[in-house]
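Residue numbers (the numbering used here), protein chains in the order written: chain G, 2 to 127; chain P, -8 to 359.
Quick look at the structure:
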């Protein structure tokens, strides 16, 4: 069974074996508004936990996307680069950002589960 | 200082606005639909904008006032007919812009619409330059509501009959709910539209009736993307105390008849008219989908810094990133290749014509 966890920077991460799929949460898209631009990390590059791994821009402002775990970028989602509005439509499924080959699974331990994240997001926006 | 609320504050909340502080007021940045849909609805139908935070300065006086105001503003106020409006500037002695504004001649003086963040300072500057000879009223008992878009004239005409006879940059008195309202045909979106000045107590029912007739409330977010597509300046971003109207590419707003006459900043402007300017405001179109926002540095193909972006966003109607900014005048020609430094990378872009979106101003029903 795959495990979904959440970061304080409003990313979600789904781990399947060694493959981690990462995107931004619905709550994040609601805060950002209409997303009009997405930039993703280079395939083959290595990203470090809590480091910048992309950018999303709304009509109002640019926001960095962080990676909640370290690893090698093995795939990126061209669909959201071509049509960034897909991120608003389906942020936690088809509009994933990038996939990593995870370096250290214990990095998942410090992340929040769904229930914890929902509480965190609610408090952050209150 | 506490945050001020406009007469439409309850209505903003009712329609699901995200509220932000802007120039000391609690204002809607967007409603439930979001900026892109609000932007597109204004371009295809009509949108209602709460602009009550802006200053409505009434100055009472006759020919003496006209003469004295011409010593302040570079507009041809003597030629202005009653109810006619002109875009102009309050400048400093260096020719820098303290505020950009709209002056309308009224039956008993002038009405000047000021930017919210500048209005109190403008009031003091204008009052002192007029030597306290006239009665000035920065009227905070009035709301100001803009209705913009191709359907604006039909929507407003149902609520206030007769307003669709107004010509662009002209105004008149009308009656709404037994009260006098002042309407001008003007706006800040590149669309046909109106600005309606009315008592606070009538504003909410007035806006509800516009909504019933098919219009929607639009927030400051879409107001910003609409004005950028229309190539219009935002004071504080694209215009400031160190930038003259000539540098801002707003030479058209300074009539030839005034160039040789005296007004605040006239020496600098006259000199710039004769010898040209070092920097010039231009339209910028990035080649790719990357957005260059205000303060992005601009480079030439030799990696030399030649200017900076002052406004930039994604244009929902043109479906492409757009920007404007100032470049060294020698790079201001349309189609000049420039580079924008975004997140450490040099993004290729071209100097382009403004506006990005073609204007739809109506010169009056007769000419349509």
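For each residue, glycine too, the CB sits at the ideal point set by N, CA and C.
CB of residue i within 9 Å of CB of residue j, strictly
i, j, result
"residue 90 (chain P)", "residue 71 (chain P)", "no"
"residue 236 (chain P)", "residue 86 (chain P)", "yes"
"residue 167 (chain P)", "residue 137 (chain P)", "no"
"residue 30 (chain G)", "residue 69 (chain G)", "no"
"residue 209 (chain P)", "residue 33 (chain P)", "yes"
"residue 133 (chain P)", "residue 94 (chain P)", "no"
"residue 220 (chain P)", "residue 116 (chain P)", "no"
"residue 14 (chain G)", "residue 80 (chain G)", "no"
"residue 102 (chain P)", "residue 49 (chain P)", "yes"
"residue 273 (chain P)", "residue 318 (chain P)", "yes"
"residue 88 (chain P)", "residue 234 (chain P)", "yes"
"residue 366 (chain P)", "residue 322 (chain P)", "Residue 366 (chain P) lies beyond the residue range present for chain P, which begins at -8 and ends at 359; the question has no answer from this structure."
"residue 76 (chain P)", "residue 177 (chain P)", "yes"
"residue 57 (chain P)", "residue 98 (chain P)", "no"
"residue 41 (chain P)", "residue 248 (chain P)", "no"
"residue 160 (chain P)", "residue 173 (chain P)", "no"
"residue 76 (chain G)", "residue 59 (chain G)", "no"
"residue 104 (chain G)", "residue 72 (chain G)", "yes"
Contact with chain P by residue i, beta-carbon distance below 9 Å
i, result
"residue 52 (chain G)", "no"
"residue 128 (chain G)", "Missing from the structure shown is residue 128 (chain G); chain G here goes from 2 to 127 and no further."
"residue 35 (chain G)", "yes"
"residue 82 (chain G)", "yes"
"residue 46 (chain G)", "no"
"residue 86 (chain G)", "yes"
DSSP state of residue i mapped onto helix, strand, coil
i, result
"residue 319 (chain P)", "strand"
"residue 126 (chain G)", "helix"
"residue 265 (chain P)", "helix"
"residue 79 (chain G)", "helix"
"residue 32 (chain G)", "helix"
"residue 188 (chain P)", "strand"
"residue 359 (chain P)", "Per-residue confidence for residue 359 (chain P) stands at a pLDDT of 29, beneath the threshold of 50, marking its modelled position as unreliable; the derived number appears in the next sentence. Three-state DSSP puts residue 359 (chain P) in coil, outside helix and strand."
"residue 311 (chain P)", "strand"
"residue 253 (chain P)", "coil"
"residue 208 (chain P)", "strand"
"residue 233 (chain P)", "coil"
"residue 218 (chain P)", "helix"
"residue 341 (chain P)", "strand"
"residue 94 (chain G)", "coil"
"residue 99 (chain G)", "strand"
"residue 300 (chain P)", "strand"
"residue 45 (chain P)", "coil"
"residue 2 (chain P)", "helix"
"residue 107 (chain G)", "helix"
"residue 39 (chain P)", "strand"
"residue 70 (chain G)", "coil"
"residue 57 (chain P)", "helix"
"residue 281 (chain P)", "coil"
"residue 331 (chain P)", "strand"
"residue 182 (chain P)", "coil"
"residue 197 (chain P)", "helix"
"residue 238 (chain P)", "coil"
"residue -6 (chain P)", "coil"
"residue 33 (chain P)", "helix"
"residue 273 (chain P)", "strand"
Min CB distance residue i to chain G below 9 Å
i, result
"residue 356 (chain P)", "Per-residue confidence for residue 356 (chain P) stands at a pLDDT of 40, beneath the threshold of 50, marking its modelled position as unreliable; the derived number appears in the next sentence. No, its Cβ sits nowhere closer than 9 Å to a Cβ of chain G."
"residue 214 (chain P)", "no"
"residue 180 (chain P)", "no"
"residue 301 (chain P)", "no"
"residue 289 (chain P)", "no"
"residue 185 (chain P)", "no"
"residue 284 (chain P)", "yes"
"residue 23 (chain P)", "no"
"residue 307 (chain P)", "yes"
"residue 20 (chain P)", "yes"
"residue 276 (chain P)", "no"
"residue 362 (chain P)", "Outside the shown range of chain P (-8 to 359) lies residue 362 (chain P), about which nothing can therefore be said."
"residue 280 (chain P)", "yes"
"residue -2 (chain P)", "no"
"residue 304 (chain P)", "yes"
Heavy atom of the ligand NAD within 8 Å of residue i beta-carbon
i, result
"residue 10 (chain P)", "In the structure on display, the ligand NAD does not appear, and there are no ligands present to speak of."
Which residues, in order along the region 54 to 75 of chain G, keep a beta-carbon less than 8 Å from a beta-carbon of chain P? Answer set for the region 54 to 75 of chain G: 56, 58, 59, 60, 61, 62, 63.
Counting only Cβ-Cβ distances shorter than 7 Å, please list the residues of the region 25 to 54 of chain P near chain G, keeping chain order. 25, 26, 27
Along the region 166 to 178 of chain P, where does the CB come closer than 8 Å to a CB of chain G? Name the residues. none
Given a limit of 8 Å on CB to CB distance, which residues of the region 319 to 340 of chain P reach chain G? 334
Return the chain-ordered ranges of every beta strand (DSSP E) run that is complete within the region 100 to 163 of chain P and spans a minimum of 3 residues. 100 to 105, 126 to 129, 133 to 139
4 or more residues per run - each alpha helix (DSSP H) lying fully within the region 16 to 64 of chain G: Taken in chain order, the complete alpha helix (DSSP H) segments of 4 residues or longer contained in the region 16 to 64 of chain G are 27 to 33.
Scan the region 59 to 92 of chain P and note each continuous beta strand (DSSP E) run of 3 residues or more that stays entirely inside, going in chain order. 76 to 82
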